[in-house]
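So the sequence shown is numbered by numbering that gives the first Met the number 0: it starts at 0 and just counts up by one.
Here a beta-carbon is modelled for each residue, glycine too, at the ideal position from N, C-alpha and C.
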Amino acid sequence: MPLPNKITIGRENWVRMMYCMKHLMKLHPEYYDMIKPFYDQMYDKYPYNELDPFNFEDNYKVRPRTSIERELDKLADLNSKEKDLPVGGDDGQEVFNSQLNQLVWDLGLSLPSWDDDHNERNNNNDKT
């Protein structure tokens, strides 16, 4: 089926589409360069209120953000923080491992790798 030459869309759906594109660029920065030129062209042609996109009243007043908008912002913030982590040195994994070791120790158990460390220390002491 070929696409029509002209497509008509309501302003509410237009704003939804623009809002989703904006959040997609935040959540997936790898798509930013591909989407941004299109988004800018569409915004220049039909701008909307980015601070309160779903308020269509003529006497505009800022309304509180909805829970969905707040959750999307949190996801975008988490994604940007995750992208800022160094590739090789994930401190979170080290913290997890130390907490796991402490838990095993508190339960009175030992890991086989601990025995290997103990045997290596004994072997090093024998050599001196």
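In terms of residues, what are the limits of the alpha helix (DSSP H) holding Y38?
-> 31-44
Check S109 in the structure and name its three-state DSSP category.
-> coil
Below 8 Å on the Cβ atoms is my guess for K21 versus Y45; work out the distance and round it to an integer in Å.
-> Contact flag wrong, Cβ pair sits at about 14 Å.
Nearest candidate by alpha-carbon position, reference Y47, set S109, W13, L99 | W13
N12 lies in the alpha helix (DSSP H); which residues open and close that run?
-> 10-26
Contacts around I34, its chain only, beta-carbon distance under 7 Å, and the 5 residues preceding and following it disregarded = M20, L23, M24
Spatial distance of L172 from P111 (CA atoms) | Outside the shown range of the chain (0 to 127) lies residue 172, about which nothing can therefore be said.
Given a cut-off of 9 Å, decide if Y31 and P52 are closer than it, judged by their beta-carbon atoms.
-> no
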